[in-house]
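There are 2 protein chains.
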Amino acid sequence: MPKFFVSPDAVRGSFLTLDGENAAHAKVLRLRRGDSVVVCDGCGNDYRCTVSDSSPQQVCLVVNSTEPSGAEPPVACSVYMAYAKADKLEHVIQKATELGAYEIAAFPSSRCVLRLDAASAAKKRERWQKIAASAAAQSGRGRIPQVLVMPSFEDAVQRAAGCELALFPYENEHALSLRRAIGSAQAKTVSIMTGPEGGFSDEEVELAQRAGLQVCTLGPRILRCETAPLCALSAVLFAAGALD
Amino acid sequence: MPKFFVSPDAVRGSFLTLDGENAAHAKVLRLRRGDSVVVCDGCGNDYRCTVSDSSPQQVCLVVNSTEPSGAEPPVACSVYMAYAKADKLEHVIQKATELGAYEIAAFPSSRCVLRLDAASAAKKRERWQKIAASAAAQSGRGRIPQVLVMPSFEDAVQRAAGCELALFPYENEHALSLRRAIGSAQAKTVSIMTGPEGGFSDEEVELAQRAGLQVCTLGPRILRCETAPLCALSAVLFAAGALD
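Just so you know, the protein sequences line up as chains A and B, in that order.
Going by our numbering, the residue at position 167 of the first sequence is 164; the numbering climbs one at a time, nothing skipped.
Going by our numbering, the residue at position 242 of the second sequence is 239; the numbering climbs one at a time, nothing skipped.
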């Protein structure tokens, strides 16, 4: 069933209206009077609705029932990914949203090829947030992960360190495994911080370690910068029962 | 360090020659006399070598030491993926190889958009095998996963059922979780079979179930056809300690 996200104040009693991009998307889907859709308020509430009237500009819906969205993981997992070339970051934003990431933060790192000034960062963030919104709707999420653009590596590390479990996968770490870092204690908030194409510098690894992040391995194979965060996210979600 | 794959018979005592595509790749990397490289025979042996001489057509190496490749997972995990549109299958072949898949099998399914006749299947397989070889080299694998093209859904199911643990993630299954399906027993061979964009048909699910595959859920979010196999593979490898 098609899923749409609206702002919480769009729900008025048992009536709802889709407009703007939602109406355009409804047109693509050729929604007609009597069709069923799910509307999510992005705060964990799903509304099962029936189309009562539709025009290219707006679609009117009647709410049949309301239920808490069952699609959110029991762990809030934040994915911190260094700026990467081309569409790799977009790929990770789409996939991490599908898998169930709580939020996605992009950050600069010393070996990043991509550099963003404030203006282009704001523009990119807007585009990335749209990708997350679309992936959230398609995968039936109960909320849209926020996409953040961190001003510096240090800011990213400090924020990531605020989670109960803060993971820092690094290809030159061989002692601490992801399994041991995750352990059996069920953290409610987890962060995963991964590097750019060229990897983290020694100074960055040290800084992360000092901030309390768990520098760990993802195994003996070298994963690309777009593969590592999704592999670690899948493992964390699996361990937390979020794939059950 | 750059890694090259050669056939086992290319190793003659303590000398080795790179030619053909390997020599072309060495040229791109600008390898020179004295540089260090790793050469893998694709059977789990890594040779640490030094370049003794190089020309555009061939690179001569001296073997300094031989060691078993430590990069292969303790579980042989086969990824069966239904034919998908455009570059999705190529994406999964690359990523599954990086992550540590044992082999990747493509198969037709009733809702597949892509259809392949025998001639184009052979051509595609050749291209897919090259993608696996390149990803294996880049990620430092000890062997190149074989890419198979199965003639039918039934053949794929029968072959997948031959593994100790045969998983069949399906979005309409809600009872059996991936965690429970994997359990605590460490299977040495695992297969993961996932569907095309439109999902499996009821008949296909029934056929898989009858053949002994474990129809299981990957959680309440709907994963795209290229996300599901990599998510399940990451989880299986994590549970088997292959990410340690």
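Ideal Cβ positions, reconstructed from N, Cα and C, are used throughout, including at glycine.
#1: Helix, strand or coil for B:V60, going by three-state DSSP, please let me know.
#2: Pop quiz: A:C40 and A:L13 are said to be a contact at Cβ under 8 Å. What is the actual Cβ separation, rounded to whole angstroms?
#3: Kindly identify the DSSP beta-bridge partner or partners of A:D50.
#4: For A:Q91, which residues of its own chain have a beta-carbon under 6 Å away from its beta-carbon, when the five flanking residues on both sides are left out?
#5: What did DSSP end up calling B:T224 once you bin it into helix, strand or coil?
#6: Between B:P53, B:A79, B:S51 and B:V34, which lies nearest to B:E223 when the distance is taken from Cα to Cα?
#7: Using a threshold of 8 Å, state whether the C-beta atoms of A:I219 and B:S136 are closer than that.
#8: List, in order along the chain, the chain A residues whose C-beta lies closer than 9 Å to that of B:S136?
#9: From what residue to what residue does the alpha helix (DSSP H) around A:S117 run?
#10: Does the separation of the CB atoms of A:A48 and A:L28 fall below 8 Å?
#11: For B:D32, which of helix, strand or coil comes out of DSSP?
#12: Which chain B residues are close to A:S43, counting only those with a beta carbon under 7 Å from its beta carbon?
#13: Should A:A83 and A:P193 be called a contact, given that it needs their Cβ atoms to be closer than 8 Å?
#14: Could you confirm whether any beta carbon from chain A is found closer than 8 Å to the beta carbon of B:S33?
#15: Could you tell me whether any Cβ in chain B is nearer than 8 Å to the Cβ of A:D199?
#16: Excluding five sequence neighbours on each side, which residues of the same chain lie with their C-beta closer than 7 Å to the C-beta of A:S66?
#17: Taking the alpha carbon of B:V144 as the reference point, which residue from B:E123, B:L162, B:E200 and B:V8 has its own alpha carbon closest?
#18: Excluding the five sequence neighbours on either side, which residues of its own chain have a C-beta within less than 7 Å of the C-beta of A:E201, listed in chain order?
#19: Flag A:F235 as yes if its beta-carbon sits less than 8 Å from any beta-carbon of chain B, otherwise no.
#20: Determine the DSSP secondary structure at B:D43, reduced to helix, strand or coil.
#21: I need the boundaries of the beta strand (DSSP E) containing B:E194, first residue and last residue.
#22: Rounded to a whole number of angstroms, what is the C-alpha to C-alpha distance between B:T97 and B:L234?
#23: Please classify A:A115 as buried or exposed, where buried requires at least 16 other C-beta atoms within 10 Å of its C-beta.
#24: Identify, in the order they occur along the chain, each residue of the same chain with its Cβ nearer than 6 Å to the Cβ of B:V89, setting aside the five sequence neighbours on each side.
#25: With 16 as the cutoff for other CB atoms within 10 Å, does B:N169 come out buried or exposed?
#26: Mind checking which residues open and close the alpha helix (DSSP H) that includes B:N89?
#27: Run down chain B in chain order and give the residues with a C-beta less than 8 Å from the C-beta of A:K185.
#28: So B:A20 packs on B:P(-1), CB below 8 Å; how close in whole Å?
#29: Any Cβ of chain B within less than 8 Å of the Cβ of A:K127?
#30: Any idea if B:P217 is buried or exposed, counting beta-carbon neighbours within 10 angstroms, 16 or more meaning buried?
#31: Report the partner residues of A:Y77 according to the DSSP bridge assignment.
#32: Expressed to the nearest angstrom, what Euclidean distance is found between the alpha-carbon atoms of B:L230 and A:G10?
#33: Under 8 Å by Cβ, that's how I've got A:K185 and A:V76 pegged, so tell me the actual separation to the nearest angstrom.
#34: Identify every run of the alpha helix (DSSP H) within the region 146 to 189 of chain A, keeping only runs that are complete inside it and at least 4 residues long; order them along the chain.
With the given structure in hand:
#1: The count along the second sequence starts at 1 and reaches residue 60 of chain B at position 63. The answer is strand: DSSP assigns B:V60 an E or B state.
#2: Taking the first residue of the first sequence as 1, we reach residue 40 of chain A at position 43. Taking the first residue of the first sequence as 1, we reach residue 13 of chain A at position 16. A:C40 to A:L13, Cβ: 15 Å. No contact.
#3: Residue numbering aside, residue 50 of chain A sits at position 53 when the first sequence is read from its first letter. Partner(s): A:C57.
#4: Position 94 of the first sequence, counted from the start, is the residue given in the question as residue 91 of chain A. Once the five neighbours on either side are set aside, the close Cβ partners of A:Q91 are I128 and A132.
#5: Numbered from 1 along the second sequence, position 227 holds the residue referred to as residue 224 of chain B. Correct three-state label for B:T224: coil.
#6: Position 226 of the second sequence, counting from 1, holds the residue named residue 223 of chain B. It is B:A79 whose Cα lies nearest to the Cα of B:E223.
#7: Residue numbering aside, residue 219 of chain A sits at position 222 when the first sequence is read from its first letter. Residue numbering aside, residue 136 of chain B sits at position 139 when the second sequence is read from its first letter. In contact: A:I219 and B:S136 (Cβ atoms closer than 8 Å).
#8: If you number the second sequence from 1, residue 136 of chain B lands on position 139. Residues of chain A passing the Cβ test: R218, I219, L220, R221 and T224.
#9: In the first sequence, the residue the question calls residue 117 of chain A occupies position 120. Its alpha helix (DSSP H) spans residues A115 to S136.
#10: Taking the first residue of the first sequence as position 1, residue 48 of chain A is located at position 51. Taking the first residue of the first sequence as position 1, residue 28 of chain A is located at position 31. Just to set this straight, residue 48 of chain A is Val in the shown sequence, not Ala. Yes, they are a contact pair.
#11: Sequence index remark: in the second sequence, residue 32 of chain B carries index 35 (1-based). Note: B:D32 maps to coil in three-state DSSP.
#12: The sequence position of residue 43 of chain A within the first sequence is 46, counting from 1. Rather than Ser, the amino acid found at residue 43 of chain A in this sequence is Asp. Close to A:D43, with beta-carbon spacing below 7 Å, lies no residue of chain B; the smallest spacing is near 11 Å.
#13: As a working mapping, residue 83 of chain A is identified with position 86 in the first sequence. As a working mapping, residue 193 of chain A is identified with position 196 in the first sequence. Cβ distance not < 8 Å, so A:A83 and A:P193 don't count as in contact.
#14: Within the second sequence, residue 33 of chain B is the residue found at index 36, counting from 1. So, not an interface residue.
#15: Position 202 of the first sequence, counted from the start, is the residue given in the question as residue 199 of chain A. For A:D199, the answer is no, since every Cβ of chain B falls outside 8 Å of its Cβ.
#16: Within the first sequence, numbered from 1, the residue matching residue 66 of chain A stands at position 69. The residues are C37, G41, N42, D43 and G139.
#17: Within the second sequence, numbered from 1, the residue matching residue 144 of chain B stands at position 147. Minimum Cα distance to B:V144 is reached at B:E123.
#18: Residue 201 of chain A sits at position 204 when you count from the first residue of the first sequence. Excluding residues within five positions, the ones whose Cβ falls inside 7 Å are S106, S107 and F150.
#19: The residue labelled residue 235 of chain A in the question sits at position 238 within the first sequence. Among the CB atoms of chain B, one or more fall inside 8 Å of the CB of A:F235.
#20: Within the second sequence, numbered from 1, the residue matching residue 43 of chain B stands at position 46. It is a strand residue.
#21: Counted from its first residue, the second sequence places residue 194 of chain B at position 197. Premise fails: B:E194 is in no beta strand (DSSP E) and is neither H nor E.
#22: Translated into the one-based positions of the second sequence, residue 97 of chain B becomes position 100. Translated into the one-based positions of the second sequence, residue 234 of chain B becomes position 237. Per the sequence shown, residue 97 of chain B should be read as Gly rather than Thr. Going from the Cα of B:G97 to the Cα of B:L234 covers about 8 Å.
#23: Taking the first sequence and counting its residues from 1, one reaches residue 115 of chain A at position 118. Burial call: exposed.
#24: Start at 1 with the first residue of the second sequence, and residue 89 of chain B comes out as number 92. Contacts found: M78, E223 and P226.
#25: Taking the first residue of the second sequence as 1, we reach residue 169 of chain B at position 172. Exposed, by the Cβ-count rule.
#26: Counted from its first residue, the second sequence places residue 89 of chain B at position 92. It is worth fixing the name first, because residue 89 of chain B is Val in this sequence and not Asn. B:V89 -> alpha helix (DSSP H) spans K85 to L96.
#27: One-based indexing of the first sequence puts residue 185 of chain A at position 188. Neighbours of A:K185 on chain B: none; closest Cβ ~17 Å, over 8 Å.
#28: Locating residue 20 of chain B in the second sequence gives position 23, counting from the first residue. Locating residue -1 of chain B in the second sequence gives position 2, counting from the first residue. Not really, about 12 Å apart at Cβ, beyond 8 Å.
#29: In the first sequence, counting from the first residue as 1, residue 127 of chain A sits at position 130. Not one beta carbon of chain B lies nearer than 8 Å to the beta carbon of A:K127.
#30: The residue given as residue 217 of chain B occupies position 220 in the second sequence. B:P217 sits buried, since 16 or more C-beta atoms from the chains shown fall within 10 Å of its C-beta.
#31: Walking along the first sequence from the start, residue 77 of chain A turns up at place 80. Paired residue(s): A:A102 and A:M190.
#32: Stepping through the second sequence from its first residue, residue 230 of chain B is reached at position 233. Stepping through the first sequence from its first residue, residue 10 of chain A is reached at position 13. Going from the Cα of B:L230 to the Cα of A:G10 covers about 44 Å.
#33: The sequence position of residue 185 of chain A within the first sequence is 188, counting from 1. The sequence position of residue 76 of chain A within the first sequence is 79, counting from 1. Incorrect: roughly 16 Å between the Cβ atoms, too far for contact.
#34: 150 to 157 and 175 to 179
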